[in-house]
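All remarks here apply to the structure that follows.
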Amino acid sequence: MKNRNKSFLRKAKYQEEVNHKFTQCLTCERKCKIERGKVGYCQTRKNVGGVIYSLVYGCIPTISKNPIEKKPLYHFFPGSKALTIGTYGCNFSCFWCQNHHISHPDQKISLRVYQEKEYLSPADFVKIAKEKKCQGTSISFNEPTLLFEYSLDIFKLAKENGLYNTYVSNGYMTEFILRDLIDSGLDAINIDIKGNQKMVRKYCGADVEKVWRNAKIIKESGIHVEITTLLIDGLNSNEEFIKAISERICKELGECTPYHLSRFFPHYKSSQKGFNRPTSVKILHKSYNIAKQSGLKFVYLGNLYEEKKINTVCPKCGKIAIRRDNFTAKGIRLDSNGNCSNCGFPIAITS
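Take any residue in the sequence shown, note its place counting from 1, add 841, and you have its number in my numbering.
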């Protein structure tokens, strides 16, 4: 399926010339002004003769068939499988990244891509998805926005073959990019709301308000959206933060928006920063209760694997609508309209 000696270069779709020396990348909200011959913050965009190119089109170092629940997307085609890919690079600087070997590789991405990796065409990707009997595609592992140009080609072919398309993202793409993804066939997205304005600015180098803006655009466009927060004890796990984010999800995205609270385990540079212990189970349960008390109907705990906190429970009658075992939907008790089969309450399932 993979062929050697294919070019990973593709002209970036959104860019703007600043002057003879710099061109501005409009892929994400960093909007890097990249000097000729240099790369942007994410290392995947390079100014070549005044024109910005993606260095990672079709560069797929990781590919696997995953349950859609692993994204996590609990209310989107439950029980289905998605062929999942990722590339190199990231536009955030999170010290806790569990996929840092590809998001922040030791070797420069331009050198790694050209020397080591092989090309996977969009057509071959979709072909593999069909062969593996997947119901959809997912771009994840690192920030999928960096595969934007590739995504557009994937989405089109996937739709032609009856597959859905999903993203697992930090939500920091520009509005140009987001609307293009929506128009091209994005069906669902899990957005990681990492913290409040101060925390995200300090540890990710980003403006979280742009992430909220994008989440609202996605919701208003009719695209399925779920939210995740990785709870890090001493950083973003206090009661005020959980209450604020939960109430904002309710207000801006709706009370039936699934909210995943995931347990932190030390990765990457976490120990160097003084965060060398997993988040306590007590904090996760407390955060779960706060999110529910704030009005959210569907709250889940991740990286904990307690069955009761990963099942979908009907808010009205209390019966289990979807039973899960780890990342697998084992029992789905919904009618043809996605409502609770016991009482008819709408469970907000997209399928």
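By construction, the Cβ of each residue, glycine as well, lies at the ideal position given by its N, Cα and C atoms.
Going straight from the alpha carbon of G1115 to that of F1105, what length do you get? Counting only the Cα atoms, F1105 lies some 13 Å from G1115.
Query - Through-space distance from S979 to R886, alpha-carbon basis - result: Distance from the CA atom of R886 to the CA atom of S979, rounded to whole angstroms, is 22 Å.
Secondary structure at P963, three-state DSSP: helix, strand or coil? P963: helix per DSSP, three-state reduction.
### Query
What do you reckon, are the CB atoms on S992 and V1009 nearer than 8 Å?
In this structure, V1009 does not lie closer than 8 Å to S992 by Cβ.
Reduced DSSP secondary structure (H/G/I, E/B, other) of N844: Note on N844: pLDDT 44, under 50, position unreliable in the model; the coordinate value appears next. N844 carries a strand assignment under DSSP once its states are collapsed to helix, strand and coil.
In whole angstroms, give me the CA-to-CA distance for I904 and G977. One C-alpha to the other measures close to 13 Å.
- Task: Would you list the one or two residues that DSSP bridges to M1014?
- Result: Within the DSSP secondary-structure output, M1014 pairs in a beta bridge with C869.
Just to confirm the assignment, what range does the alpha helix (DSSP H) spanning A999 have?
989-1001 is the span of the alpha helix (DSSP H), which, as asked, contains A999.
Checklist line | Beta-carbon proximity of S1087 to T1120, cut-off 8 Å | finding: Against a cut-off of 8 Å, the Cβ pair of T1120 and S1087 comes out as no contact.
Q: Along the alpha helix (DSSP H) that carries E984, what are the first and last residues, could you check?
A: Taken as a continuous stretch (DSSP letters only), E984 belongs to no alpha helix (DSSP H), as it is neither H nor E.
Query - R1042: first and last residue of the uninterrupted beta strand (DSSP E) it sits in - result: It is not in any beta strand (DSSP E) - R1042 instead sits in the alpha helix (DSSP H) that spans 1038-1045.
Whole-angstrom distance between P1107 and I943, CA atom to CA atom:
Roughly 17 Å between the two C-alpha positions.
TODO: Report the partner residues of D1033 according to the DSSP bridge assignment.
DONE: Per the DSSP secondary-structure output, D1033 pairs in a beta bridge with T1069.
Fill in: Per-residue DSSP class, three states only, for T1170
The identity of residue 1170 in the sequence shown is Ala, whereas the question assumes Thr. Note: A1170 maps to strand in three-state DSSP.
* Asked: Exposed or buried, Y1044, counting other C-beta atoms within 10 Å across all chains shown (16 or more means buried)?
  -> By the neighbour-count criterion, in which a residue is buried when 16 or more other Cβ atoms sit within 10 angstroms of its Cβ, Y1044 is buried.
Legend entry - Among Q856, E857, N1006, nearest to V967 - alpha-carbon criterion: Relative to V967, the option among Q856, E857, N1006 whose CA is nearest is N1006.
request  = Tell me where the beta strand (DSSP E) around H1101 begins and ends.
outcome  = It spans 1100-1104 - the beta strand (DSSP E) in which H1101 sits, taken as one unbroken run.
* To do: Taking Y1141 as the reference, give the member of C1091, K1123, S1182, I1068 with the closest Cα.
  => Out of C1091, K1123, S1182, I1068, I1068 has the C-alpha closest to the C-alpha of Y1141.
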